[in-house]
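Residue 33 in full-length UniProt numbering is what sits at position 33 of the sequence shown, and the numbering runs on without skipping anything.
We put the CB at the ideal spot given by N, CA and C, even for glycine.
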Amino acid sequence: MEGHKSSLNTGKMVALAAGLSVGATVGYIVYRRISSANHPDQEPNTQVSKVTLPVEVYRNMSRYQATFLDTVAQKSGAHVRILPDPGEPGCRTTVCFLLQGSEEQVLLARCVLQNLVTDSEPVSEALEVPQIAFGRIIGRGGESLKLITRTTGAKVTCSKEKTHGPGATGNVTITGTRQEVEQAKELILEKVREDTMVRTKISQSSALRQKRGHTAVHQRPDDAGTEAPAGLNNNNNNGPYSQTESNGRIHANGTTEHPETIFDKIEELKITNTANDEEEEEEEESVSTDSLSEISKFEIPSPDLSFQPDEHLEVYVSASENPNHFWIQILGVRSLQLDKLMQEMNRFYNSGNPGEQRVETIVVGDIVAAPYHDHGTWNRARVLGVLGSGLVDLYYVDFGDNGELPRDGLCRMRSDFLSLPFQAIECNLAGVRPKGEVWTEAALDEFEQLTSCACWRPLQAKLCSYSHSDISSWPSVKLYDNSTVDIGEELVRLGHAVSFQEAVSGRTEGCLQRMLDDVIGASSELSLSCISLSEAASISGSVDDVIEDELL
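In C-alpha coordinates:
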(Lines of atoms letter the chains of each structure in order from A and count residues from 1; the text may use other names and numbers.)
(Lines give C-alpha, C1' and ligand atoms only; values in the text may rest on other atoms or scores of the structure.)
Protein backbone atom coordinates (compact mmCIF):
# COMPACT_ATOMS: atom_id res chain seq x y z
CA MET A 1 0.00 0.00 0.00
CA GLU A 2 1.17 3.49 -0.79
CA GLY A 3 -0.20 7.02 -0.61
CA HIS A 4 0.16 10.53 0.81
CA LYS A 5 1.23 10.28 4.41
CA SER A 6 2.21 13.87 5.18
CA SER A 7 -0.85 14.56 7.27
CA LEU A 8 -0.58 11.35 9.33
CA ASN A 9 1.47 11.60 12.47
CA THR A 10 3.75 8.79 13.71
CA GLY A 11 1.16 7.33 16.12
CA LYS A 12 -1.42 6.99 13.37
CA MET A 13 1.06 5.31 11.03
CA VAL A 14 2.07 2.78 13.71
CA ALA A 15 -1.59 1.97 14.43
CA LEU A 16 -2.34 1.49 10.74
CA ALA A 17 0.76 -0.63 10.17
CA ALA A 18 -0.21 -2.86 13.08
CA GLY A 19 -3.50 -3.71 11.33
CA LEU A 20 -5.95 -1.48 13.20
CA SER A 21 -9.28 -3.32 13.44
CA VAL A 22 -12.50 -1.97 11.98
CA GLY A 23 -13.97 -1.55 15.46
CA ALA A 24 -11.03 0.50 16.67
CA THR A 25 -11.12 2.51 13.46
CA VAL A 26 -14.80 3.29 13.85
CA GLY A 27 -14.15 4.35 17.44
CA TYR A 28 -11.38 6.61 16.28
CA ILE A 29 -13.60 8.16 13.62
CA VAL A 30 -16.36 8.81 16.17
CA TYR A 31 -13.81 10.48 18.41
CA ARG A 32 -12.61 12.65 15.54
CA ARG A 33 -16.13 13.70 14.63
CA ILE A 34 -16.90 14.64 18.22
CA SER A 35 -13.66 16.56 18.31
CA SER A 36 -14.55 18.30 15.05
CA ALA A 37 -17.97 19.20 16.45
CA ASN A 38 -16.25 20.88 19.38
CA HIS A 39 -14.02 22.79 16.96
CA PRO A 40 -16.24 23.78 14.01
CA ASP A 41 -13.68 26.24 12.74
CA GLN A 42 -11.37 23.37 11.62
CA GLU A 43 -11.85 22.25 7.97
CA PRO A 44 -11.45 18.57 7.24
CA ASN A 45 -8.43 17.68 5.14
CA THR A 46 -9.00 15.77 1.88
CA GLN A 47 -6.83 12.66 1.75
CA VAL A 48 -5.79 10.67 -1.32
CA SER A 49 -4.47 7.15 -0.89
CA LYS A 50 -3.64 4.20 -3.10
CA VAL A 51 -4.06 0.50 -2.34
CA THR A 52 -2.41 -2.05 -4.62
CA LEU A 53 -3.56 -5.67 -4.66
CA PRO A 54 -2.61 -8.72 -6.77
CA VAL A 55 -4.93 -9.28 -9.73
CA GLU A 56 -5.95 -12.73 -8.38
CA VAL A 57 -7.14 -11.11 -5.16
CA TYR A 58 -9.15 -8.61 -7.22
CA ARG A 59 -10.76 -11.45 -9.19
CA ASN A 60 -11.67 -13.28 -5.99
CA MET A 61 -13.32 -10.13 -4.67
CA SER A 62 -15.24 -9.67 -7.91
CA ARG A 63 -16.51 -13.25 -7.78
CA TYR A 64 -17.41 -12.89 -4.12
CA GLN A 65 -19.23 -9.57 -4.61
CA ALA A 66 -19.54 -8.01 -8.05
CA THR A 67 -20.35 -4.54 -6.66
CA PHE A 68 -17.71 -4.51 -3.95
CA LEU A 69 -16.48 -1.01 -4.94
CA ASP A 70 -19.93 0.41 -4.20
CA THR A 71 -19.89 -1.44 -0.87
CA VAL A 72 -16.56 0.14 0.11
CA ALA A 73 -17.83 3.59 -0.85
CA GLN A 74 -21.13 3.19 1.03
CA LYS A 75 -19.52 1.92 4.23
CA SER A 76 -16.69 4.44 4.31
CA GLY A 77 -18.02 7.53 2.56
CA ALA A 78 -14.83 7.74 0.49
CA HIS A 79 -14.64 7.90 -3.28
CA VAL A 80 -13.19 4.63 -4.61
CA ARG A 81 -12.07 3.89 -8.16
CA ILE A 82 -9.61 1.68 -10.02
CA LEU A 83 -6.66 3.36 -11.72
CA PRO A 84 -5.94 2.32 -15.31
CA ASP A 85 -3.00 0.02 -15.85
CA PRO A 86 -0.20 1.62 -17.84
CA GLY A 87 1.16 -1.76 -18.91
CA GLU A 88 0.21 -3.94 -21.89
CA PRO A 89 -3.32 -5.42 -21.96
CA GLY A 90 -3.47 -8.99 -20.66
CA CYS A 91 -0.22 -8.68 -18.71
CA ARG A 92 -1.70 -7.04 -15.64
CA THR A 93 -0.44 -8.49 -12.36
CA THR A 94 -1.76 -5.91 -9.90
CA VAL A 95 -4.79 -3.65 -9.49
CA CYS A 96 -4.46 -0.18 -7.94
CA PHE A 97 -7.38 1.42 -6.03
CA LEU A 98 -7.53 5.18 -5.52
CA LEU A 99 -9.24 6.27 -2.27
CA GLN A 100 -10.30 9.91 -1.78
CA GLY A 101 -12.00 11.53 1.20
CA SER A 102 -11.41 12.76 4.68
CA GLU A 103 -8.79 11.19 6.88
CA GLU A 104 -11.42 9.07 8.61
CA GLN A 105 -13.11 8.02 5.35
CA VAL A 106 -9.88 6.88 3.75
CA LEU A 107 -8.87 4.97 6.87
CA LEU A 108 -12.25 3.22 7.04
CA ALA A 109 -12.14 2.46 3.30
CA ARG A 110 -8.82 0.70 3.76
CA CYS A 111 -10.25 -1.44 6.55
CA VAL A 112 -13.40 -2.34 4.59
CA LEU A 113 -11.26 -3.25 1.58
CA GLN A 114 -8.99 -5.43 3.71
CA ASN A 115 -12.01 -7.22 5.20
CA LEU A 116 -13.31 -7.96 1.69
CA VAL A 117 -9.90 -9.37 0.77
CA THR A 118 -10.09 -11.73 3.76
CA ASP A 119 -13.72 -12.73 3.18
CA SER A 120 -13.23 -13.46 -0.52
CA GLU A 121 -10.03 -15.46 -0.08
CA PRO A 122 -10.66 -19.05 -1.30
CA VAL A 123 -10.28 -21.69 1.38
CA SER A 124 -10.60 -25.45 1.39
CA GLU A 125 -11.78 -27.51 4.33
CA ALA A 126 -12.10 -31.28 4.77
CA LEU A 127 -15.11 -32.37 6.81
CA GLU A 128 -14.99 -35.88 8.28
CA VAL A 129 -18.41 -37.56 8.23
CA PRO A 130 -19.68 -41.16 8.56
CA GLN A 131 -19.07 -42.96 5.31
CA ILE A 132 -22.58 -44.42 5.35
CA ALA A 133 -23.96 -40.86 5.06
CA PHE A 134 -22.30 -40.30 1.66
CA GLY A 135 -25.37 -41.61 -0.16
CA ARG A 136 -27.65 -39.02 1.43
CA ILE A 137 -25.12 -36.20 0.92
CA ILE A 138 -24.73 -37.05 -2.77
CA GLY A 139 -28.38 -37.92 -3.40
CA ARG A 140 -29.96 -39.73 -6.34
CA GLY A 141 -27.98 -38.86 -9.45
CA GLY A 142 -25.96 -36.36 -7.42
CA GLU A 143 -28.98 -34.08 -6.95
CA SER A 144 -28.33 -33.28 -3.28
CA LEU A 145 -24.70 -32.39 -3.99
CA LYS A 146 -25.72 -30.18 -6.91
CA LEU A 147 -28.29 -28.40 -4.74
CA ILE A 148 -25.67 -27.67 -2.06
CA THR A 149 -23.37 -26.19 -4.72
CA ARG A 150 -26.13 -24.08 -6.26
CA THR A 151 -27.30 -22.83 -2.88
CA THR A 152 -23.92 -21.91 -1.40
CA GLY A 153 -21.59 -21.45 -4.38
CA ALA A 154 -19.03 -23.79 -2.80
CA LYS A 155 -17.54 -26.79 -4.57
CA VAL A 156 -18.16 -30.04 -2.67
CA THR A 157 -16.48 -33.39 -3.39
CA CYS A 158 -16.77 -36.69 -1.53
CA SER A 159 -13.68 -38.83 -1.16
CA LYS A 160 -13.61 -41.96 -3.30
CA GLU A 161 -11.32 -43.73 -0.85
CA LYS A 162 -13.39 -46.07 1.28
CA THR A 163 -12.56 -47.81 4.51
CA HIS A 164 -14.38 -50.87 5.79
CA GLY A 165 -16.00 -51.83 9.01
CA PRO A 166 -18.49 -50.21 11.36
CA GLY A 167 -17.97 -46.53 12.12
CA ALA A 168 -15.92 -45.94 8.95
CA THR A 169 -15.58 -42.26 8.05
CA GLY A 170 -14.73 -40.38 4.90
CA ASN A 171 -13.76 -36.83 3.95
CA VAL A 172 -15.99 -34.31 2.24
CA THR A 173 -13.88 -31.49 0.79
CA ILE A 174 -15.48 -28.05 0.55
CA THR A 175 -13.83 -25.25 -1.47
CA GLY A 176 -14.98 -21.63 -1.69
CA THR A 177 -14.97 -18.44 0.30
CA ARG A 178 -15.21 -18.67 4.07
CA GLN A 179 -18.88 -17.82 4.01
CA GLU A 180 -19.62 -20.33 1.25
CA VAL A 181 -17.70 -23.06 3.08
CA GLU A 182 -19.56 -22.40 6.33
CA GLN A 183 -22.94 -22.52 4.59
CA ALA A 184 -22.04 -25.74 2.78
CA LYS A 185 -20.79 -27.31 6.03
CA GLU A 186 -24.12 -26.62 7.71
CA LEU A 187 -26.09 -28.20 4.84
CA ILE A 188 -23.83 -31.27 4.83
CA LEU A 189 -24.10 -31.72 8.59
CA GLU A 190 -27.88 -31.45 8.23
CA LYS A 191 -27.78 -34.35 5.76
CA VAL A 192 -25.68 -36.36 8.23
CA ARG A 193 -28.25 -35.69 10.97
CA GLU A 194 -31.03 -36.80 8.63
CA ASP A 195 -29.17 -40.01 7.81
CA THR A 196 -28.65 -40.74 11.52
CA MET A 197 -32.34 -40.15 12.21
CA VAL A 198 -33.46 -42.50 9.43
CA ARG A 199 -31.05 -45.24 10.53
CA THR A 200 -32.27 -44.90 14.10
CA LYS A 201 -35.85 -45.36 12.93
CA ILE A 202 -34.83 -48.41 10.88
CA SER A 203 -33.00 -49.98 13.84
CA GLN A 204 -35.96 -49.37 16.13
CA SER A 205 -38.30 -50.97 13.62
CA SER A 206 -36.03 -53.97 13.05
CA ALA A 207 -35.71 -54.52 16.81
CA LEU A 208 -39.45 -55.25 16.92
CA ARG A 209 -39.19 -58.04 14.33
CA GLN A 210 -39.86 -61.58 15.48
CA LYS A 211 -37.27 -64.27 14.89
CA ARG A 212 -38.00 -66.77 12.16
CA GLY A 213 -37.40 -70.52 12.04
CA HIS A 214 -34.61 -70.50 9.49
CA THR A 215 -34.47 -74.31 9.15
CA ALA A 216 -37.30 -74.06 6.66
CA VAL A 217 -34.97 -73.74 3.69
CA HIS A 218 -33.13 -77.05 4.09
CA GLN A 219 -33.62 -79.63 1.36
CA ARG A 220 -36.08 -82.43 2.09
CA PRO A 221 -34.30 -85.77 2.06
CA ASP A 222 -37.16 -87.43 0.20
CA ASP A 223 -37.45 -84.85 -2.58
CA ALA A 224 -37.00 -86.46 -5.94
CA GLY A 225 -36.67 -83.22 -7.85
CA THR A 226 -33.59 -81.26 -8.67
CA GLU A 227 -33.02 -78.12 -6.61
CA ALA A 228 -32.99 -74.83 -8.47
CA PRO A 229 -31.93 -71.48 -7.07
CA ALA A 230 -34.40 -68.81 -6.05
CA GLY A 231 -34.89 -65.15 -6.13
CA LEU A 232 -33.08 -63.15 -8.77
CA ASN A 233 -34.01 -63.24 -12.49
CA ASN A 234 -35.47 -66.69 -12.08
CA ASN A 235 -37.56 -67.12 -15.22
CA ASN A 236 -40.42 -65.11 -13.71
CA ASN A 237 -40.14 -67.04 -10.46
CA ASN A 238 -38.81 -65.50 -7.30
CA GLY A 239 -38.58 -68.69 -5.29
CA PRO A 240 -36.80 -72.07 -5.25
CA TYR A 241 -38.52 -74.78 -7.19
CA SER A 242 -38.03 -78.24 -8.64
CA GLN A 243 -40.24 -80.48 -10.73
CA THR A 244 -40.84 -84.21 -10.50
CA GLU A 245 -41.37 -85.92 -13.82
CA SER A 246 -43.76 -88.47 -12.35
CA ASN A 247 -46.78 -86.34 -11.55
CA GLY A 248 -45.85 -82.85 -12.70
CA ARG A 249 -46.10 -81.28 -9.23
CA ILE A 250 -43.76 -78.48 -8.23
CA HIS A 251 -41.74 -79.03 -5.07
CA ALA A 252 -39.38 -76.72 -3.17
CA ASN A 253 -36.82 -76.59 -0.41
CA GLY A 254 -39.34 -77.25 2.34
CA THR A 255 -39.13 -77.59 6.07
CA THR A 256 -37.49 -80.49 7.87
CA GLU A 257 -40.28 -80.42 10.45
CA HIS A 258 -43.00 -83.04 10.30
CA PRO A 259 -46.40 -81.88 8.99
CA GLU A 260 -47.95 -82.58 12.41
CA THR A 261 -45.70 -79.94 13.99
CA ILE A 262 -46.80 -77.34 11.51
CA PHE A 263 -50.45 -78.28 11.93
CA ASP A 264 -50.12 -77.75 15.68
CA LYS A 265 -48.92 -74.22 15.00
CA ILE A 266 -51.59 -73.65 12.40
CA GLU A 267 -54.27 -74.73 14.86
CA GLU A 268 -53.04 -72.06 17.25
CA LEU A 269 -53.84 -69.57 14.50
CA LYS A 270 -57.30 -71.19 14.18
CA ILE A 271 -56.51 -72.34 10.68
CA THR A 272 -57.74 -75.89 10.16
CA ASN A 273 -56.81 -78.32 7.47
CA THR A 274 -59.99 -79.26 5.63
CA ALA A 275 -58.22 -81.01 2.82
CA ASN A 276 -59.71 -84.37 1.87
CA ASP A 277 -59.27 -86.71 -1.02
CA GLU A 278 -61.62 -84.77 -3.28
CA GLU A 279 -59.86 -81.49 -2.59
CA GLU A 280 -56.49 -83.10 -3.24
CA GLU A 281 -57.74 -84.19 -6.65
CA GLU A 282 -59.00 -80.68 -7.37
CA GLU A 283 -55.68 -79.20 -6.29
CA GLU A 284 -53.76 -81.67 -8.41
CA GLU A 285 -55.79 -80.48 -11.39
CA SER A 286 -55.19 -76.81 -10.59
CA VAL A 287 -51.45 -77.41 -10.08
CA SER A 288 -50.79 -79.35 -13.23
CA THR A 289 -47.85 -79.07 -15.58
CA ASP A 290 -49.93 -76.67 -17.65
CA SER A 291 -49.72 -74.15 -14.85
CA LEU A 292 -45.95 -73.88 -15.33
CA SER A 293 -46.52 -71.81 -18.43
CA GLU A 294 -49.09 -69.57 -16.80
CA ILE A 295 -48.11 -66.00 -16.16
CA SER A 296 -48.44 -64.76 -12.60
CA LYS A 297 -51.37 -62.44 -11.97
CA PHE A 298 -49.05 -59.61 -10.95
CA GLU A 299 -45.86 -58.38 -12.58
CA ILE A 300 -43.28 -58.19 -9.78
CA PRO A 301 -39.94 -56.38 -10.17
CA SER A 302 -36.71 -58.07 -9.18
CA PRO A 303 -35.20 -57.50 -5.72
CA ASP A 304 -33.48 -54.15 -5.41
CA LEU A 305 -29.71 -54.73 -5.65
CA SER A 306 -28.94 -51.04 -5.17
CA PHE A 307 -25.26 -51.44 -4.41
CA GLN A 308 -22.15 -51.43 -6.53
CA PRO A 309 -19.19 -53.84 -6.82
CA ASP A 310 -16.77 -53.49 -3.89
CA GLU A 311 -19.28 -51.39 -1.93
CA HIS A 312 -20.03 -52.37 1.67
CA LEU A 313 -23.61 -52.29 2.87
CA GLU A 314 -25.43 -53.31 6.01
CA VAL A 315 -27.56 -56.43 5.53
CA TYR A 316 -29.51 -59.03 7.45
CA VAL A 317 -29.19 -62.74 6.72
CA SER A 318 -32.87 -63.68 6.66
CA ALA A 319 -32.67 -67.38 5.68
CA SER A 320 -30.00 -69.98 5.05
CA GLU A 321 -29.61 -73.39 3.49
CA ASN A 322 -25.81 -73.41 3.58
CA PRO A 323 -22.97 -70.89 3.11
CA ASN A 324 -23.27 -71.23 -0.66
CA HIS A 325 -27.02 -70.65 -0.63
CA PHE A 326 -28.60 -68.10 1.68
CA TRP A 327 -30.75 -64.98 1.54
CA ILE A 328 -30.12 -61.42 2.66
CA GLN A 329 -32.12 -58.23 3.10
CA ILE A 330 -30.44 -54.88 2.57
CA LEU A 331 -30.76 -52.74 5.69
CA GLY A 332 -32.21 -49.40 4.67
CA VAL A 333 -35.39 -47.55 3.85
CA ARG A 334 -36.73 -50.61 2.02
CA SER A 335 -36.44 -52.78 5.13
CA LEU A 336 -38.42 -50.17 7.04
CA GLN A 337 -40.99 -50.19 4.25
CA LEU A 338 -41.26 -53.95 4.61
CA ASP A 339 -41.97 -53.66 8.34
CA LYS A 340 -44.71 -51.12 7.66
CA LEU A 341 -46.11 -53.26 4.86
CA MET A 342 -46.39 -56.27 7.16
CA GLN A 343 -48.09 -54.15 9.81
CA GLU A 344 -50.67 -53.06 7.26
CA MET A 345 -51.14 -56.64 6.01
CA ASN A 346 -51.67 -57.86 9.59
CA ARG A 347 -54.26 -55.15 10.17
CA PHE A 348 -56.06 -55.88 6.90
CA TYR A 349 -56.16 -59.70 7.03
CA ASN A 350 -56.85 -59.96 10.76
CA SER A 351 -59.90 -57.74 10.53
CA GLY A 352 -63.15 -58.26 8.69
CA ASN A 353 -64.35 -61.54 7.23
CA PRO A 354 -61.38 -63.77 6.30
CA GLY A 355 -63.57 -65.83 3.99
CA GLU A 356 -63.93 -62.91 1.62
CA GLN A 357 -60.18 -62.95 0.97
CA ARG A 358 -59.69 -66.70 0.55
CA VAL A 359 -57.83 -67.94 -2.52
CA GLU A 360 -60.24 -69.49 -5.00
CA THR A 361 -57.77 -71.47 -7.12
CA ILE A 362 -54.17 -72.42 -6.40
CA VAL A 363 -51.95 -71.44 -9.34
CA VAL A 364 -48.23 -72.05 -9.30
CA GLY A 365 -46.37 -68.77 -9.36
CA ASP A 366 -49.14 -66.66 -7.88
CA ILE A 367 -48.31 -64.30 -5.02
CA VAL A 368 -50.62 -64.83 -2.04
CA ALA A 369 -50.90 -63.56 1.52
CA ALA A 370 -49.84 -66.29 3.95
CA PRO A 371 -49.37 -66.34 7.73
CA TYR A 372 -45.93 -67.38 8.91
CA HIS A 373 -46.21 -70.74 10.69
CA ASP A 374 -44.21 -69.74 13.79
CA HIS A 375 -46.00 -66.60 14.87
CA GLY A 376 -48.85 -65.92 12.46
CA THR A 377 -47.72 -62.61 10.99
CA TRP A 378 -48.88 -62.15 7.40
CA ASN A 379 -46.26 -62.33 4.63
CA ARG A 380 -46.12 -62.20 0.87
CA ALA A 381 -45.53 -65.70 -0.51
CA ARG A 382 -45.20 -67.35 -3.90
CA VAL A 383 -47.09 -70.59 -4.54
CA LEU A 384 -44.63 -73.37 -5.43
CA GLY A 385 -47.04 -76.26 -5.59
CA VAL A 386 -49.14 -78.70 -3.57
CA LEU A 387 -47.45 -81.42 -1.52
CA GLY A 388 -48.61 -84.98 -1.17
CA SER A 389 -50.07 -84.12 2.24
CA GLY A 390 -52.38 -81.59 0.60
CA LEU A 391 -50.52 -78.62 2.04
CA VAL A 392 -49.56 -75.75 -0.25
CA ASP A 393 -45.81 -75.31 -0.58
CA LEU A 394 -44.86 -71.62 -0.22
CA TYR A 395 -41.79 -69.45 -0.64
CA TYR A 396 -41.75 -66.25 1.43
CA VAL A 397 -40.44 -63.75 -1.10
CA ASP A 398 -39.27 -61.14 1.41
CA PHE A 399 -37.30 -63.53 3.63
CA GLY A 400 -36.22 -66.49 1.48
CA ASP A 401 -37.57 -69.28 3.70
CA ASN A 402 -40.39 -71.73 3.02
CA GLY A 403 -43.63 -72.79 4.61
CA GLU A 404 -46.42 -75.33 4.24
CA LEU A 405 -50.00 -74.26 4.84
CA PRO A 406 -53.48 -75.61 4.05
CA ARG A 407 -55.22 -73.93 1.18
CA ASP A 408 -57.82 -72.39 3.48
CA GLY A 409 -55.06 -70.56 5.33
CA LEU A 410 -54.14 -68.45 2.26
CA CYS A 411 -55.66 -65.15 1.19
CA ARG A 412 -55.70 -63.17 -2.01
CA MET A 413 -52.99 -60.55 -2.23
CA ARG A 414 -54.29 -57.01 -2.38
CA SER A 415 -52.64 -55.49 -5.45
CA ASP A 416 -51.20 -52.44 -3.67
CA PHE A 417 -49.35 -54.77 -1.28
CA LEU A 418 -47.14 -55.63 -4.27
CA SER A 419 -45.79 -52.11 -4.77
CA LEU A 420 -42.66 -52.89 -2.75
CA PRO A 421 -40.08 -55.07 -4.57
CA PHE A 422 -39.34 -58.44 -3.03
CA GLN A 423 -36.68 -58.05 -0.36
CA ALA A 424 -35.07 -61.51 -0.16
CA ILE A 425 -31.87 -61.56 -2.23
CA GLU A 426 -30.37 -64.97 -2.85
CA CYS A 427 -26.61 -65.07 -2.24
CA ASN A 428 -23.50 -67.21 -2.19
CA LEU A 429 -20.62 -66.72 0.26
CA ALA A 430 -17.69 -65.70 -1.92
CA GLY A 431 -14.39 -67.54 -1.91
CA VAL A 432 -15.32 -70.60 0.18
CA ARG A 433 -16.64 -74.11 -0.39
CA PRO A 434 -17.22 -77.08 1.90
CA LYS A 435 -14.17 -78.93 3.15
CA GLY A 436 -15.71 -82.20 2.05
CA GLU A 437 -18.23 -82.99 -0.64
CA VAL A 438 -21.09 -81.34 1.24
CA TRP A 439 -21.52 -78.93 4.12
CA THR A 440 -21.66 -80.68 7.48
CA GLU A 441 -24.36 -80.01 10.07
CA ALA A 442 -21.71 -78.41 12.29
CA ALA A 443 -20.78 -76.05 9.45
CA LEU A 444 -24.44 -75.13 8.89
CA ASP A 445 -24.94 -74.43 12.61
CA GLU A 446 -21.76 -72.36 12.78
CA PHE A 447 -22.73 -70.31 9.73
CA GLU A 448 -26.18 -69.60 11.15
CA GLN A 449 -24.63 -68.56 14.45
CA LEU A 450 -21.98 -66.33 12.84
CA THR A 451 -24.58 -64.59 10.66
CA SER A 452 -27.32 -64.45 13.35
CA CYS A 453 -29.64 -65.90 10.73
CA ALA A 454 -33.19 -64.47 10.98
CA CYS A 455 -32.28 -62.74 14.28
CA TRP A 456 -31.96 -59.31 12.61
CA ARG A 457 -28.39 -58.46 13.59
CA PRO A 458 -26.76 -56.22 10.94
CA LEU A 459 -23.72 -57.48 9.03
CA GLN A 460 -21.49 -55.83 6.46
CA ALA A 461 -21.75 -57.27 2.94
CA LYS A 462 -19.38 -56.71 0.03
CA LEU A 463 -20.49 -57.67 -3.47
CA CYS A 464 -17.71 -59.60 -5.23
CA SER A 465 -19.19 -61.28 -8.32
CA TYR A 466 -22.19 -63.20 -9.59
CA SER A 467 -22.82 -66.93 -9.60
CA HIS A 468 -24.57 -68.25 -12.66
CA SER A 469 -26.63 -71.33 -13.41
CA ASP A 470 -28.92 -72.39 -16.25
CA ILE A 471 -31.93 -70.63 -14.75
CA SER A 472 -30.60 -68.10 -12.29
CA SER A 473 -27.91 -65.64 -11.31
CA TRP A 474 -27.27 -64.40 -7.80
CA PRO A 475 -24.55 -62.37 -6.10
CA SER A 476 -21.48 -63.78 -4.40
CA VAL A 477 -20.77 -61.67 -1.33
CA LYS A 478 -18.34 -61.49 1.54
CA LEU A 479 -19.89 -61.06 4.97
CA TYR A 480 -18.32 -59.30 7.95
CA ASP A 481 -19.63 -59.05 11.48
CA ASN A 482 -19.37 -55.94 13.66
CA SER A 483 -15.81 -56.78 14.67
CA THR A 484 -14.84 -56.83 10.96
CA VAL A 485 -14.30 -60.60 11.05
CA ASP A 486 -14.63 -62.16 7.59
CA ILE A 487 -17.22 -64.91 8.12
CA GLY A 488 -15.86 -66.95 5.20
CA GLU A 489 -12.35 -66.86 6.65
CA GLU A 490 -13.77 -67.76 10.05
CA LEU A 491 -15.39 -70.90 8.58
CA VAL A 492 -12.00 -71.82 7.08
CA ARG A 493 -10.24 -71.20 10.40
CA LEU A 494 -12.74 -73.43 12.21
CA GLY A 495 -12.13 -76.24 9.71
CA HIS A 496 -15.59 -76.18 8.10
CA ALA A 497 -14.54 -74.78 4.72
CA VAL A 498 -11.66 -74.30 2.31
CA SER A 499 -10.93 -71.09 0.45
CA PHE A 500 -10.47 -70.68 -3.28
CA GLN A 501 -9.92 -67.78 -5.63
CA GLU A 502 -12.90 -66.82 -7.76
CA ALA A 503 -11.89 -65.74 -11.25
CA VAL A 504 -13.41 -62.36 -12.14
CA SER A 505 -12.67 -61.18 -15.65
CA GLY A 506 -13.24 -57.73 -17.08
CA ARG A 507 -16.17 -59.11 -19.04
CA THR A 508 -17.69 -60.50 -15.83
CA GLU A 509 -17.36 -57.13 -14.12
CA GLY A 510 -19.09 -55.47 -17.07
CA CYS A 511 -21.92 -58.00 -16.98
CA LEU A 512 -22.20 -57.49 -13.22
CA GLN A 513 -22.57 -53.74 -13.64
CA ARG A 514 -25.15 -54.14 -16.41
CA MET A 515 -27.14 -56.58 -14.27
CA LEU A 516 -27.11 -54.15 -11.35
CA ASP A 517 -28.25 -51.33 -13.65
CA ASP A 518 -31.09 -53.46 -15.03
CA VAL A 519 -32.33 -54.44 -11.58
CA ILE A 520 -32.11 -50.89 -10.23
CA GLY A 521 -33.93 -49.63 -13.31
CA ALA A 522 -36.75 -52.14 -12.81
CA SER A 523 -37.12 -51.15 -9.18
CA SER A 524 -37.17 -47.44 -9.96
CA GLU A 525 -40.31 -47.85 -12.05
CA LEU A 526 -42.43 -48.45 -8.95
CA SER A 527 -44.71 -45.57 -8.01
CA LEU A 528 -47.01 -46.87 -5.26
CA SER A 529 -46.28 -46.13 -1.62
CA CYS A 530 -46.42 -48.93 0.91
CA ILE A 531 -46.72 -46.39 3.67
CA SER A 532 -50.13 -45.16 2.48
CA LEU A 533 -51.57 -48.42 1.29
CA SER A 534 -55.20 -47.40 1.63
CA GLU A 535 -54.58 -44.57 -0.83
CA ALA A 536 -52.10 -46.41 -3.03
CA ALA A 537 -54.26 -46.28 -6.11
CA SER A 538 -54.03 -42.49 -6.17
CA ILE A 539 -50.39 -42.09 -5.18
CA SER A 540 -47.68 -41.36 -7.70
CA GLY A 541 -44.07 -40.80 -6.73
CA SER A 542 -40.99 -42.48 -5.35
CA VAL A 543 -41.65 -45.01 -2.61
CA ASP A 544 -38.35 -44.25 -0.92
CA ASP A 545 -38.94 -40.50 -0.99
CA VAL A 546 -42.34 -40.87 0.67
CA ILE A 547 -40.91 -43.00 3.46
CA GLU A 548 -37.93 -40.72 4.06
CA ASP A 549 -40.09 -37.59 4.10
CA GLU A 550 -42.29 -39.13 6.78
CA LEU A 551 -39.27 -40.14 8.85
CA LEU A 552 -37.80 -36.65 8.72
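- At a cut-off of 3 residues, the continuous stretches assigned as beta strand (DSSP E) that sit fully inside the UniProt domain "Tudor" (361-420) are 367-371, 378-386, 392-396 and 402-405.
- Around the beta-carbon of Ser351, fewer than 16 other beta-carbon atoms lie within 10 Å, marking it exposed.
- By the Cβ-count criterion, His325 is buried, with 16 or more other Cβ atoms from all chains shown falling within 10 Å of its own Cβ.
- In the DSSP secondary-structure assignment, Ile330 is bridged to Val315.
- Contact between the region 411-418 and the region 426-445 is absent: fewer than 3 CB-CB pairs across the two stretches fall below 8 Å.
- It is roughly 33 Å from the alpha-carbon of Phe500 to the alpha-carbon of Arg334.
- With a beta-carbon spacing of about 7 Å, Ala497 and Ala443 fall inside the 8 Å limit used to define contacts.
- Inter-segment contact for the region 99-119 and the region 45-57 is present: three or more beta-carbon pairs are separated by less than 8 Å.
- Cβ contact annotation for Ile487 (same chain, cutoff 6 Å, sequence separation greater than five): Leu450 and Leu479, in chain order.
- The shortest C-alpha to C-alpha distance from Tyr395 to any of Phe97, Glu426 and Ile330 is the one to Glu426.
- The three-state reading of DSSP puts Asn115 in helix, counting H, G and I together.
- Spatial neighbours of Glu446 in its own chain (CB-CB distance under 7 Å, excluding positions within 5 residues in sequence) are listed in chain order as Leu491, Leu494 and His496.
- Assignment of Thr484 by DSSP, reduced to helix, strand and coil, places it in the coil class.
- Remark: C-beta atoms of His79 and Gln65 do not approach each other more closely than 7 Å.
- In this structure, the straight-line span from the alpha carbon of Gln204 to that of Leu331 is close to 12 Å.
- For Ile132, there is no enclosing alpha helix (DSSP H), as DSSP marks it with neither H nor E.
- Annotation: the continuous beta strand (DSSP E) that includes Glu426 extends over Ile425 to Leu429.
- The Cβ-Cβ distance between Gly77 and Gln47 does not fall below 7 Å.
- The region 55-122 contains, as complete beta strand (DSSP E) runs of 3+ residues, the segments 79-82 and 94-102 (chain order).
- Taken atom to atom, the span from the alpha-carbon of Val477 to that of Leu463 is near 5 Å.
- DSSP, read as helix, strand or coil, puts Thr177 in coil.
- In this structure, the straight-line span from the alpha carbon of Ala109 to that of Gly170 is close to 43 Å.
- For Leu145 against Ile137, the beta-carbon gap comes to about 7 Å, under 8 Å, which counts as contact.
- Taking each of Ala424, His373, Ser473 and Gly436 in turn and checking the Cα distance to Leu410, the smallest one comes out for His373.
- Its chain contains Val80 as the residues whose beta carbon lies nearer than 7 Å to that of Leu69, once the 5 sequence neighbours on both sides are disregarded; these appear in chain order.
- When DSSP states are grouped into helix, strand and coil, Leu208 belongs to the coil group.
- Excluding five sequence positions before and after Thr93, the CB atoms of its chain that fall closer than 6 Å to its own CB belong to Val55, given in chain order.
- Looking from the CA of Glu186, the closest CA among Arg199, Val129 and Met197 belongs to Val129.
- DSSP, read as helix, strand or coil, puts Ala184 in helix.
- Note on geometry: alpha-carbon atoms of Gly213 and Trp456 lie some 12 Å from one another.
- Nearest in C-alpha terms to Pro323, of all of Gln337, Gly390 and Glu448, is Glu448.
- Taking all protein chains in view, the Cβ of Lys191 is crowded by 16 or more other Cβ atoms within 10 Å, so the residue is classified as buried.
- Here the C-alpha atom of Asp339 lies approximately 22 Å from the C-alpha atom of Gly135.
- Collapsing the DSSP output to three states places Val192 in a helix.
- With contacts defined by Cβ atoms closer than 7 Å, Ala319 and Asp401 form a contacting pair.
- Ile202 is positioned such that its CB atom lies closer than 7 Å to that of Leu336.
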